[in-house]
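Colleague: Dumping the structure here so I can ask a few things about it.
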Amino acid sequence: MLWTLLEVRRIALHDPLAGVCDSSPRTHGSATEHGSVKMAEEERNASAEKLKEKANNYFKDKDYENAIKYYTEALELNPSNAIYYSNRSLAYLRTECYGYALGDATRALELDKNYIKGYYRRATSNMALGKFKAALKDYETVVRVRPNDKDAKMKYQECNKIVKQKAFERAIASDELKRSVVDSLDIENMTIEDDYAGPKLEDGKVTLKFMKDLMAWFKDQKKLHRKCAYQMLVQVKEVLSKLPSLVEISLKETEEITICGDTHGQYYDLLNIFELNGLPSITNPYLFNGDFVDRGSFSVEVILTLFGFKLLYPEHFHLLRGNHETDNMNQMYGFEGEVKAKYTAQMFQLFSEVFQWLPLAQCINSKVLVMHGGLFSEDGVTLDDIRKIDRNRQPPDSGPMCDLLWSDPQPQDGRSVSKRGVSCQFGPDVTERFLEQNKLQYIVRSHEVKAEGYEVTHSGKCITVFSAPNYCDQMGNKGAYIHLRGSDLKPEFHQFTAVPHPDVKPMAYANSLMQLDTSGRKHLDLKKELGMLSVH
Ligand SMILES: [Mn+2]
Numbered sequence: 001m002l003w004t005l006l007e008v009r010r011i012a013l014h015d016p017l018a019g020v021c022d023s024s025p026r027t028h029g030s031a032t033e034h035g036s037v038k039m040a041e042e043e044r045n046a047s048a049e050k051l052k053e054k055a056n057n058y059f060k061d062k063d064y065e066n067a068i069k070y071y072t073e074a075l076e077l078n079p080s081n082a083i084y085y086s087n088r089s090l091a092y093l094r095t096e097c098y099g100y101a102l103g104d105a106t107r108a109l110e111l112d113k114n115y116i117k118g119y120y121r122r123a124t125s126n127m128a129l130g131k132f133k134a135a136l137k138d139y140e141t142v143v144r145v146r147p148n149d150k151d152a153k154m155k156y157q158e159c160n161k162i163v164k165q166k167a168f169e170r171a172i173a174s175d176e177l178k179r180s181v182v183d184s185l186d187i188e189n190m191t192i193e194d195d196y197a198g199p200k201l202e203d204g205k206v207t208l209k210f211m212k213d214l215m216a217w218f219k220d221q222k223k224l225h226r227k228c229a230y231q232m233l234v235q236v237k238e239v240l241s242k243l244p245s246l247v248e249i250s251l252k253e254t255e256e257i258t259i260c261g262d263t264h265g266q267y268y269d270l271l272n273i274f275e276l277n278g279l280p281s282i283t284n285p286y287l288f289n290g291d292f293v294d295r296g297s298f299s300v301e302v303i304l305t306l307f308g309f310k311l312l313y314p315e316h317f318h319l320l321r322g323n324h325e326t327d328n329m330n331q332m333y334g335f336e337g338e339v340k341a342k343y344t345a346q347m348f349q350l351f352s353e354v355f356q357w358l359p360l361a362q363c364i365n366s367k368v369l370v371m372h373g374g375l376f377s378e379d380g381v382t383l384d385d386i387r388k389i390d391r392n393r394q395p396p397d398s399g400p401m402c403d404l405l406w407s408d409p410q411p412q413d414g415r416s417v418s419k420r421g422v423s424c425q426f427g428p429d430v431t432e433r434f435l436e437q438n439k440l441q442y443i444v445r446s447h448e449v450k451a452e453g454y455e456v457t458h459s460g461k462c463i464t465v466f467s468a469p470n471y472c473d474q475m476g477n478k479g480a481y482i483h484l485r486g487s488d489l490k491p492e493f494h495q496f497t498a499v500p501h502p503d504v505k506p507m508a509y510a511n512s513l514m515q516l517d518t519s520g521r522k523h524l525d526l527k528k529e530l531g532m533l534s535v536h
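Numbering follows UniProt numbering, in which position 183 of the sequence shown is assigned residue number 183; successive positions increment by one, without gaps.
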């Protein structure tokens, strides 16, 4: 069912490209000039190869945007080359455009169904999208064709394990309907060992002193005692579950709030934000706009610090859910692995329960709407519709809750299929209509890395803010946060750069399938990929 949907999206996705490739006047022109159609074609193919090599070099330098640009140009000259599609697919994977990656891998396979790498790419795209069954099918194909390929066998087994685990989880889900992990914990009777020298809650409460001690403790790469972590999680679940899906706040004339975008486990950059902009307090309120965890390998530290401030200043410290505060993402991108490594699987379950209670959007002075992803796949959604979303769940594959967490703006009017393969892209006209209907001035969203840390689009009506500088240690981007004053609600942008962190690489806790194929950690593997391809 889903596969069909993605197929449809893929076809739509490649329509514009097909248009470019069919630009016959240019083709015929050059053919006439050189006197022979065949020669012209050979020349075009040679130019395409040069463009591909240029793209490969950008890829090696981790400049994926330019790599994509030149693979695309190569494809305009030679649209029947499966390798170009496959290479571009890998570049799209690195830029998190999983929908495009899937489309390109599929296209490569249409051109050459024996192209094994295409199956790998399509499987990786599907894994990234949480479509484990579809991924398994492709790994099966690879293993069938290459029974002696150890790497393929490992990937097949890994993927098969996840599919079985999911099936098992579904089977027990009905028995354990809404039963919280909290019920099976005896937190009161957990003992804190005498040799633990770290911070403890004071009379079971988070205090400012506790928060300062906690941040210093985490900075030294030490672990908060599991009892304290559980206490915080239970309390924050209680606080979040009382909030509506759409949180509404009002700022007085002189009051100001700081809005931050994705932090993605970059704990030392989070500390830097507090250094630059002051610690959270009643007079220094913050809103963190989702994607606190995954990728960065200090996600536990980020989320416990944010939850701590939520407990300390529940009215003045705000958190919204991102698409990474979900089970599927956490399984692939590191948070689940990190919690299991630093604590237990049971604690991850509790994190998952807490995430389900994170609000989905926040409205400031009835004029500015903040959400992680963006606007909707259909017109006519009102603030009241957002208020009514029953959010205590994993997000569905479509609909308003999915869109709030996943969509992206686009420069052209209307809507398009998403580069990510989930939700949609919305144009300036969509934003305009939404704002008008809901009597709003503009939206603030996050979700996309931006070179300057922020971006203003849709004539100032759609603002992106991203607060993970040098994202994944490789994007070279700035981070930013926004100040909003109650008096005029004019956004004021502040940029910052990455600070050093201890030597634990991003994605260190991620699923091994993601590590091998998308994080670039296995440099050898990457070299093999491109080295092998460039001899063509
Ligand atoms: Mn996101």
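All residues carry an ideal CB built from backbone N, CA and C; glycine is no exception.
Using only CA atoms, which one of A498, C159, R445 and M475 lies nearest to G374?
Modeller: For the residues A498, C159, R445 and M475, the minimum Cα distance to G374 belongs to R445.
Colleague: Output yes or no for whether 8 Å exceeds the beta carbon distance between A74 and A55.
Modeller: Against a cut-off of 8 Å, the Cβ pair of A55 and A74 comes out as a contact.
Colleague: Should N323 be listed as close to ligand 1, given that the test is whether its C-beta is under 7 Å from any heavy atom?
Modeller: Yes, ligand 1 has a heavy atom inside 7 Å of this Cβ.
Colleague: When you compare the stretch 297-314 with the stretch 337-344, are there three or more beta-carbon pairs, one atom per stretch, that lie closer than 8 Å?
Modeller: Flag = yes, the stretch 297-314 and the stretch 337-344 touch.
Colleague: By Cβ distance below 6 Å, which residues in the same chain neighbour E41 in space, the five residues on each side in sequence not counted?
Modeller: Around E41: no qualifying Cβ.
Colleague: Which residue comes first and which comes last in the alpha helix (DSSP H) that contains Y267?
Modeller: First-last of the alpha helix (DSSP H) with Y267: Y267 to N277.
Colleague: So is V535 buried or exposed if we call it buried at 16+ other beta carbons inside 10 Å?
Modeller: Any reading at V535 is ruled out, since the residue's pLDDT is 22, under 50, leaving its predicted position unreliable.
Colleague: Where does L404 sit, in a helix, a strand or coil, going by DSSP?
Modeller: Correct three-state label for L404: helix.
Colleague: Within its chain, find whatever has a CB closer than 7 Å to the CB of K342; leave out the 5 residues flanking it on each side and keep chain order.
Modeller: Taken in chain order, the residues that qualify are K223 and V300.
Colleague: Starting from the C-beta of K166, find all residues in its chain whose C-beta is less than 8 Å away, skip the five residues before and the five after it, and write them out in chain order.
Modeller: Contacts found: F132.
Colleague: Based on the DSSP secondary-structure assignment, which residues constitute the bridge partners of A361?
Modeller: Its beta-bridge partners are L246 and M371.
Colleague: Does DSSP put L201 in a helix, in a strand, or in coil?
Modeller: Of the three classes helix, strand and coil, the one that applies to L201 here is coil, per DSSP.
Colleague: Quick one: give me the first and last residue of the alpha helix (DSSP H) that F351 is part of.
Modeller: Start and end: A345 to F355.
Colleague: Taking the C-alpha atoms as reference points, what is the distance between Y58 and D213?
Modeller: Rounded to the nearest angstrom, the two C-alpha atoms are 44 Å apart.
Colleague: Determine whether the beta carbon atoms of I372 and D473 lie at a separation below 8 Å.
Modeller: First, the residue type needs correcting, since residue 372 is His and not Ile in the sequence shown. The answer is no: Cβ separation not under 8 Å.
Colleague: Let me check you understand the geometry: is the CB of D327 closer than 7 Å to at least one non-hydrogen atom of ligand 1?
Modeller: No; taking the cut-off as 7 Å, the Cβ of D327 has no heavy atom of ligand 1 nearer than that.
Colleague: Taking 7 Å as the limit between beta carbons, can you name the residues of its chain near R295, skipping five residues before and five after?
Modeller: Excluding residues within five positions, the ones whose Cβ falls inside 7 Å are H264, G265, Y333, G334, C472, P506 and M507.
Colleague: According to DSSP, is I187 helix, strand or coil?
Modeller: In the structure shown, I187 sits in coil (DSSP, three-state: anything other than H, G, I, E or B).
Colleague: Going by C-alpha distance, which of A105, Q495, S377 and W406 is nearest S125?
Modeller: The candidate whose alpha carbon is nearest that of S125 is A105.
Colleague: For the putative contact between E325 and L358, defined by C-beta atoms under 8 Å, what is the C-beta separation to the nearest angstrom?
Modeller: At roughly 6 Å, the Cβ-Cβ gap stays under 8 Å, so E325 and L358 are in contact.
Colleague: Out of curiosity, what's the CA-to-CA distance linking D63 and T95?
Modeller: Going from the Cα of D63 to the Cα of T95 covers about 10 Å.
Colleague: State yes or no: is the C-beta of D397 nearer than 7 Å to some heavy atom of ligand 1?
Modeller: Flag unset: Cβ of D397 not near ligand 1.
Colleague: Going by other Cβ atoms of all chains shown within 10 Å of its Cβ, with 16 needed for buried, is M190 buried or exposed?
Modeller: Its Cβ having fewer than 16 others within 10 Å, M190 is exposed.
Colleague: May I ask you to list the residues that DSSP assigns as paired with E492?
Modeller: According to DSSP, which records beta bridges pairwise, E492 is partnered with H483.
Colleague: Between the Cα of S366 and the Cα atoms of E248, M211, Q157 and R44, which residue gives the shortest distance?
Modeller: Comparing Cα positions, the closest option is E248.
Colleague: Where does the unbroken beta strand (DSSP E) through Q425 begin, and where does it stop?
Modeller: C424 to F426 is the extent of the beta strand (DSSP E) around Q425.
Colleague: Report, in whole angstroms, the separation of the C-beta atoms of S245 and R391, which I expect to be a contact under 8 Å.
Modeller: With a Cβ gap of about 5 Å, S245 and R391 count as contacting.
Colleague: Apply the 10 Å Cβ neighbour rule to S241 and answer buried if 16 or more other Cβ atoms are within range, or exposed otherwise.
Modeller: The residue is exposed, with fewer than 16 neighbouring Cβ atoms inside 10 Å.
Colleague: Please tell me whether, using a cut-off of 7 Å, the distance from the CB of D291 to the nearest non-hydrogen atom of ligand 1 is below it.
Modeller: Indeed, a heavy atom of ligand 1 lies less than 7 Å from the Cβ.
Colleague: Going by C-alpha to C-alpha distance, which of R226, V422 and N323 sits closest to L185?
Modeller: Closest by alpha carbon: R226.
Colleague: With 16 as the cutoff for other CB atoms within 10 Å, does S487 come out buried or exposed?
Modeller: By the neighbour-count rule (16 or more Cβ atoms within 10 Å), S487 is not buried but exposed.
Colleague: For Q283, count the other beta carbons within 10 Å of its own beta carbon; 16 or more makes it buried, fewer makes it exposed. Which is it?
Modeller: Correcting the residue type first, residue 283 is Thr in the shown sequence and not Gln. Exposed.
Colleague: Mapping the DSSP letters down to three states, classify L208 as helix, strand or coil.
Modeller: Helix at L208.
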